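Residue numbers (full-length UniProt numbering): 1 to 145.
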């Protein structure tokens, strides 16, 4: 993802992001959609309510997705469970800190959108390609599809 003038490029799903488990791939795509909704809000003036709503829904969805992954990893005694959960917890804490800064008016909707887009895009790509791919084979061996 790059910044082009005042516009950020759209975050596109790439087949290399697939972890081979449809449920998680679909959930990752929804998170990407939320990132793109924030991007789409950038040119709109007076979008504080819209950005706040997107942030809330995106956070709730991300927490739910992480919980889905964590339950499956725990259920199958994934050896990297604790480290994986710790990464999830750290990101959720960071997102919630962004939300607090936004809600108390410390940052504009544009600034918070740009920051979250950058953080989530980098985090999601790195997390899927490096961390989630590690559990994919393990869960597949347990019959998870």
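Each residue gets a CB set at the ideal place from its N, CA and C atoms; glycine is no exception.
In this text the structure is predicted, and so the values were computed from the model without any measurement.
Residue i versus residue j - alpha carbon distance
| i | j | result |
| --- | --- | --- |
| residue 86 | residue 65 | 14 Å |
| residue 115 | residue 35 | 11 Å |
| residue 124 | residue 140 | 21 Å |
Residue environment, residue i, which counts as buried when at least 16 other CB atoms sit within 10 Å
| i | result |
| --- | --- |
| residue 67 | exposed |
| residue 132 | buried |
| residue 44 | exposed |
| residue 74 | exposed |
| residue 96 | exposed |
| residue 6 | Residue placement at residue 6 is poorly supported in this model, since its pLDDT is 41, which falls under 50; the coordinates still yield a value, given next. When all chains shown are included, residue 6 counts as exposed. |
| residue 19 | buried |
Reference residue i; option with closest CA among the options
| i | options | result |
| --- | --- | --- |
| residue 118 | 141, 136 and 94 | 94 |
| residue 91 | 78, 58 and 20 | 58 |
| residue 89 | 42, 43 and 69 | 69 |
| residue 98 | 51, 37 and 33 | 51 |
| residue 79 | 22, 134 and 144 | 134 |
Whole-angstrom C-beta distance between residue j and residue i, which should lie under 8 Å
| i | j | result |
| --- | --- | --- |
| residue 10 | residue 48 | Actually they are not in contact, since the Cβ atoms of residue 10 and residue 48 sit about 22 Å apart, beyond 8 Å. |
Jot down the residue ranges of each uninterrupted beta strand (DSSP E) in the region 31-100, minimum 3 residues, whole runs only, in chain order. none
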